[in-house]
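**Q** Take this structure first; my questions come after.
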Amino acid sequence: FGRQRSMTALAVVKESLHSGNARVRLAAFVAEKAILGEKAAPDLINALPAFEDEADLQTVKRELSTLSTAALLPVIQNKFDNLDRKSKRILLEILSSRNADKALPFLRQSLKSNDAELRHAALKGLGVLGQKDDLAALFEHWQTCRDASEKKETQNTITTIIRRLPDQKKTL
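Shown next as structure tokens:
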């Protein structure tokens, strides 16, 4: 009887992730993560686009950040192309903050996005995780970029990667 009640409660929580009320959605997000832990990753990532308020997004990001890369990465790999830009940005920030090299394909892909916010997240992540192999794409991005602030950010990312290279002569 207790298990049936728990399953009913979980069903209500999952349904509440799609509520029209932002507070209910946020409470359901936190509750499902508390109930299912790592197994909640697919539902939580699917629910990301429903959040608009910046304070709610910070709570969502904090909750997702407690999930392991092992739990998040398969879901991200499966769903990344179909997510909205805000969700992609949040996931890129989480993966980049962990120095998760497995984030590199998503960062590289996002650098080519038409969306400035995603390119910004990609540049920020590449500044942390980028490797020598990323320099050619970054130089190309710098040459074709029209926005002065994005051009400067690209230049800073390139400089950061070069400074991390082991050879102090930095011959490219």
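Numbering (this note's numbering), first residue to last: 30 to 201.
No residue lacks a Cβ here, since even glycine has one placed at the ideal position from N, Cα and C.
1) Can you look up Phe80 in the DSSP assignment and give me helix, strand or coil?
2) Any idea if His47 is buried or exposed, counting beta-carbon neighbours within 10 angstroms, 16 or more meaning buried?
3) May I ask which residues mark the beginning and end of the alpha helix (DSSP H) holding Leu102?
4) Under the three-state reduction of DSSP, which class applies to Asp176: helix, strand or coil?
5) Among Ser142, Arg91, Ser94, Ala60, which has the Cα closest to the Cα of Ser35?
6) Identify whether Asp163 lies in helix, strand or coil by the three-state DSSP scheme.
7) How would you call Lys117, buried or exposed, if buried means at least 16 neighbouring beta carbons within 10 angstroms?
8) How would you call Ser178, buried or exposed, if buried means at least 16 neighbouring beta carbons within 10 angstroms?
9) Compute the beta-carbon to beta-carbon distance between Leu124 and Ala132, rounded to the nearest angstrom, for a pair I have assumed lies under 8 Å.
10) Is the CB-CB distance between Ala70 and Ala38 below 8 Å?
11) Tell me which residues share the same chain as Ser94 and place their Cβ nearer than 6 Å to its Cβ, disregarding the 5 neighbours each side in the sequence.
12) Smallest Cα separation from Ala145: which of Asn75, Ala57, Ala84, Thr183?
**A** Put simply:
1) coil
2) exposed
3) 98 to 108
4) coil
5) Ala60
6) helix
7) buried
8) exposed
9) About 3 Å; that satisfies the 8 Å criterion.
10) no
11) Ile123
12) Thr183
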